[in-house]
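If you number the sequence shown the way the numbering used here does, the last residue is 1441 and the count never jumps. Only one structure is covered here, and it is reproduced in the block below.
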Amino acid sequence: MTVPLMVLAALSVFGGLLLLNGWIVDWLEPVFGPEEHLELPIPAAVMTLSTLGVVVVGAAVAYMLYSRQKIAGAAPTRVSPFTRAARADLYGDALNEAAFMRPGQTLTRSLVHGDNHGVDGAVNGLAALVGGTSGRIRRWQSGFVRSYALSMLGGSVLLVLALLAVRLA
């Protein structure tokens, strides 16, 4: 997580540099037209310094209030609902588990069951059918020419009978 935050920080600095001295506004003016510029009632430097001053004072007050206190070994159990929610990461994990993880696991189980019994069942059934049929046909191939001649004679007789049945019908 550190590397993405470093990348975002660098891009933030670069984005801030784009606004320095208003050069990007001048560069984009042919595309977007002139900018309406309103003057602030207080100079920007004064607003920036006052904001920084408030931050420094707040940090100093927080340091004075909480730096001298001893830190408890265990977190207190009797807390407000807001503290409980904050300790539970605002229930984000529970929400993600209920909304995405459990339905995803159910879907995955059903897809695996369908694959094991449907797709694999069809493939294994076809393999068993081909294996059984080839086992029966294998008996016809005895290696004796007289067996092959007999099967060809039987096929020829069936063909003649079929032609006669069609012709006489």
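Ideal placement from N, C-alpha and C gives every residue a C-beta, glycine not left out.
Using DSSP with H/G/I as helix, E/B as strand and the rest coil, what is PRO1306? In the sequence shown, the residue the question calls residue 1306 occupies position 34. Residue state, collapsed to three classes: coil.
Please classify TRP1299: does DSSP put it in a helix, a strand, or coil? Position 27 of the sequence shown, counted from the first residue, corresponds to residue 1299. Helix.
List, from N- to C-terminal side, the alpha helix (DSSP H) runs of 4 residues or more that fit wholly inside the segment 1337 to 1380. With a minimum length of 4 residues, the continuous alpha helix (DSSP H) runs that stay inside the segment 1337 to 1380 are 1353 to 1359 and 1364 to 1368.
In terms of residues, what are the limits of the alpha helix (DSSP H) holding GLY1404? Position 132 of the sequence shown, counted from the first residue, corresponds to residue 1404. For GLY1404, the enclosing alpha helix (DSSP H) begins and ends at 1392 to 1410.
What would DSSP say about GLY1426, mapped onto helix, strand or coil? Here the question's residue 1426 lines up with position 154 in the sequence shown. DSSP places GLY1426 in the helix class (H, G or I) of the three-state scheme.
Nearest-angstrom Cα separation, counted from GLY1376 out to ALA1332: Taking the first residue of the sequence shown as 1, we reach residue 1332 at position 60. Taking the first residue of the sequence shown as 1, we reach residue 1376 at position 104. So the two alpha carbons sit approximately 49 Å from each other.
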